[in-house]
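Each residue of the sequence shown is one higher than the one before, counting from 24 in the numbering used here. So the structure is just underneath, and the comments pick up after that.
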Amino acid sequence: MAQTYRMSSQIGCLVSGVQPALSVVQTVRITARKQPLLKVSPAPRFQGQRSLSVQSVETPSAAATEPGWWTKELPDNFVHVDSVQELVDELGEGARLDQLVVVDFFAPWCRACRALFPKFKKLCVENPNVRFVGINFEENKGLARGLGVKVLPFFHFYRGAEGRVAAFTASVSKVQLLRDAIADFSSERCFLEDPPLSPLAEFPSVVPGGSLGKKTAMSSEKDAELVA
């Protein structure tokens, strides 16, 4: 006797990885025959699929621990900062040593940033007397927006008592803009005025060495308590 079963073709499409346009119900006629009962063991393919699924779970975790492109093979004169205080400290040190400071605002998802970064690192190597600072927009949105950054990649140039001397965007096809600006603002000069107390006009209350000063003061207070 023949029995009729109804099954959806969508199941086969999901296995093959093809999305069906419509869910089509097919009618399959299967003839029931008397067959001896057989003991069926799991097919090897299921074991293989199981091992593949485990690998697919482990792969993302390994990729997540891989260093980002913005952290690989950094020159000695390039540092990342993650706060207003750290940026102000770098600018203050640059002013003390009479060095040009170039700040690079970037984001991990920014393709233009990633394409430009190898050439930017080359500029770092070519200009060992210049300080280069990287700021990750994703981790420092308040800082970047406070400094008026609206497009990435974006660059700020700071030089001693003059403060910020240039600010512009660039791309891999306009790397010469960066090279020219570095040459112009890194030349030797004599300043008749001292650098401002805070190198960032947008954050006037943050001064160089502020975090270090607070830590020193706290340590002194604790030492005084111990002596008493």
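Backbone N, C-alpha and C fix where the C-beta goes; we use that ideal spot for every residue, glycine too.
DSSP state of Asp-105, grouped into three classes? coil
Given Leu-139, which residues of its chain have a CB within under 8 Å of its CB, disregarding the five upstream and five downstream residues? Pro-176, Ala-193, Ser-194, Val-195, Val-198
Option nearest Met-180 by Cα separation, candidates Asp-207, Phe-160, Gly-169: Reading off the sequence shown, one finds Phe at residue 180, where the question assumed Met. When only C-alpha atoms are compared, the closest one is Asp-207.
Euclidean distance between Cα positions of Leu-120 and Arg-182: 10 Å
Grab the span of the beta strand (DSSP E) containing Ala-190 for me, first residue to last. 186-192
In the DSSP assignment, the beta strand (DSSP E) including Phe-140 goes from what residue to what residue? It is not in any beta strand (DSSP E) - Phe-140 instead sits in the alpha helix (DSSP H) that spans 134-149.
Reduced DSSP category for Gly-169 - H, G, I as helix; E, B as strand; rest coil: helix
So what's Gly-232 in DSSP terms, helix, strand or just coil? coil
Could you spell out where the beta strand (DSSP E) holding Val-156 opens and where it closes? 154-159
To the nearest angstrom, how far is the alpha carbon of Leu-201 from that of Ala-135? 15 Å
Please determine if the segment 160-169 and the segment 122-130 are in contact, where contact requires at least 3 C-beta pairs separated by less than 8 Å. yes
With burial defined as no fewer than 16 other Cβ atoms inside 10 Å of the residue's Cβ, what is the status of Asp-217: buried or exposed? exposed
Could you check how far apart the C-beta atoms of Val-111 and Val-229 are, in whole angstroms? I think they sit under 8 Å. 5 Å
What are the start and end residues of the alpha helix (DSSP H) that includes Phe-208? 198-208
Nearest-angstrom Cα separation, counted from Asp-99 out to Leu-146: 12 Å
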